[in-house]
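Before any comments, here is the structure.
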Ligand code: LMR
């Protein structure tokens with residue numbers, strides 16, 4: 064039989080953990096795996112600005128007819144303004160083309176297909192480590208994938224020297240994937256001086272930057288978080304950018320994102336978009352409209368936007384607060400390891416430094432789920448579980 068000959072695939076290292084977590088009957092289980100924001104009650108809330116937009120949409124939407132292949136032009140415009148900011152808009156926005164995508168992952172995959180077709184044989188370089196799915200997404204599209212040095216476990220930060228040395232050697236025909244902020248999985252970001260060096264190398268070496276911008280607003284703020292992107296775009300005329308509203312607008316399951324092409328002219332941007340539309344058409348024809356309509360409403364309506372900024376700020380503050388609580392909680396329980404680096408990291412994730420054996424121990428013995436490699440979703444810590452998590456991590460340090 065055809066199907067009976069097919070072997071079971073391994074569970075996804077991140078989303079598979081959520082499935083295992085859901086099935087776990089232990090009452091004190093804690094999910095620090097998948098990167099979703101949780102409030103103090105452990106729910107991933109629908110933002111109030113989104114709820115209000117949904118009400119408005121319910122009252123005003125006139126059709127469920129198809130959207131254009133690359134989404135409404137207005138959506139592309141409003142997303143590009145958010146991603147690049149008002150200054151960039153004045154300078155170069157006419158050479159930016161944007162296509163709506165099913166989440167950030169969808170944007171990456173469309174981008175990968177585009178590279179496969181038009182940058183044939185070009186290797187896609189990604190930081191070591193990177194989000195687990197990056198390699199799979201680009202690999203599945205048929206792009207050769209390699210890594211460049213990024214994280215230094217002994218300093219718990221970015222090894223800028225090693226990274227720059229690696230970036231210098233990447234050939235002009237290749238592509239370099241850069242996390243704009245809130246690096247996944249380490250939480251260690253490139254600082255301003257590092258970005259200036261990356262920008263110079265990109266301009267000199269001639270490789271194409273592909274920015275993954277999935278966490279805008281989860282680091283220091285919408286504007287601050289785009290600084291690295293703009294630093295590179297000051298020196299380099301062409302880039303791809305994948306953005307997402309999963310995290311910053313909490314639209315995870317609505318799958319709302321965008322792939323943007325920064326070209327040297329409006330003509331080149333339009334030609335690239337026309338090819339991207341062909342790619343989209345043969346994969347899913349055109350994008351789902353609901354989530355993108357909500358994101359657009361929130362961004363276009365002054366009141367909803369102001370409310371969103373407040374809600375985003377409070378998500379950011381909860382994550383920063385959790386980082387402090389975790390560091391203090393661990394310091395009180397164990398002197399075996401210094402966890403103070405956790406407060407310097409940005410975004411939802413912390414590369415805790417825990418070994419895979421410790422991660423396994425925490426899941427098997429304590430029902431605390433985190434991603435292999437020791438990535439913790441700091442936003443998953445709750446007041447009720449913090450003490451238990453700190454006790455358990457302290458215990459795991461002894462194994
Ligand atoms: C994560 O890294 O946990 C998130 O980006 C969710 C995902 O799709 O893996």
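In our numbering, the protein residues as written are 64 to 462. All C-beta atoms, glycine included, are put in the ideal place defined by N, C-alpha and C.
My understanding is that residue i touches residue j, with C-beta atoms under 8 Å, so please give their C-beta distance in whole angstroms.
i, j, result
"residue 275", "residue 243", "7 Å"
"residue 200", "residue 225", "So it is not a contact: roughly 25 Å between Cβ atoms."
"residue 240", "residue 273", "5 Å"
"residue 214", "residue 249", "5 Å"
"residue 441", "residue 385", "5 Å"
"residue 91", "residue 430", "6 Å"
"residue 161", "residue 139", "3 Å"
"residue 163", "residue 356", "Actually they do not touch by this definition, with Cβ atoms about 10 Å apart."
"residue 238", "residue 271", "5 Å"
Go ahead and label residue i buried or exposed: buried means 16 or more other beta carbons lie within 10 angstroms of its beta carbon, across all protein chains shown.
i, result
"residue 316", "exposed"
"residue 352", "buried"
"residue 347", "exposed"
"residue 459", "buried"
"residue 78", "exposed"
"residue 121", "exposed"
"residue 150", "exposed"
"residue 428", "exposed"
"residue 65", "exposed"
"residue 165", "buried"
"residue 229", "buried"
"residue 344", "exposed"
"residue 219", "buried"
"residue 155", "buried"
"residue 408", "buried"
"residue 68", "exposed"
"residue 167", "buried"
"residue 116", "buried"
"residue 264", "buried"
"residue 169", "buried"
"residue 382", "buried"
"residue 462", "exposed"
Please go through the same chain and pick out, in chain order, the residues whose beta-carbon is closer than 7 Å to the beta-carbon of residue i, but skip the five residues on each side of it.
i, result
"residue 358", "308, 312, 314, 319"
"residue 387", "406"
"residue 112", "361, 367, 370, 371, 374"
"residue 426", "432"
"residue 177", "338, 339, 342"
"residue 142", "161, 306, 321"
"residue 96", "77, 80, 81, 84, 432, 433, 434, 440"
"residue 259", "294"
Which same chain residues end up closer than 6 Å to residue i when comparing Cβ atoms and leaving out the 5 residues on each side of it in sequence?
i, result
"residue 257", "223"
"residue 269", "235"
"residue 340", "132, 133"
"residue 262", "294, 295, 298"
"residue 94", "84, 432, 443"
"residue 402", "390, 393"
"residue 172", "200"
"residue 189", "197, 210, 240"
"residue 89", "430"
"residue 378", "100"
"residue 110", "313, 374"
"residue 404", "219"
"residue 286", "none"
Excluding sequence positions up to five away, which residues of its chain have a Cβ less than 8 Å from the Cβ of residue i?
i, result
"residue 435", "76, 419, 422"
"residue 146", "276, 279, 289, 292, 304, 306, 321, 323"
"residue 327", "158, 300, 301"
"residue 180", "338, 342"
"residue 98", "77, 247, 310, 411, 412, 440, 442"
"residue 400", "393, 416, 460"
"residue 73", "79"
"residue 124", "356"
"residue 395", "453"
Contained beta strand (DSSP E) runs [length at least 3] in the stretch 280-321, N- to C-terminal order: 302-307
Minimum length 4: unbroken alpha helix (DSSP H) runs contained in the stretch 71-98: 78-86
Contact the stretch 250-266 vs the stretch 194-208: 3+ CB pairs below 8 Å: no
The stretch 444-455 in contact with the stretch 377-391 per 3-pair CB rule at 8 Å: yes
Cβ contact (3+ pairs, closer than 8 Å) linking the stretch 328-337 and the stretch 94-105: no
Three or more C-beta pairs below 8 Å linking the stretch 398-418 and the stretch 426-444: These segments touch.
Every unbroken beta strand (DSSP E) inside the stretch 165-220 [3 residues or more]: Within the stretch 165-220, the beta strand (DSSP E) runs of at least 3 residues that lie entirely inside it are, in chain order, 187-191, 208-212.
contact_flag[the stretch 362-375, the stretch 183-199] where n(CB pairs < 8 Å) is 3 or more: no
Every unbroken alpha helix (DSSP H) inside the stretch 404-451 [4 residues or more]: 419-429
Entirely enclosed alpha helix (DSSP H) segments - the stretch 323-378, minimum 4 residues: 329-346, 353-363
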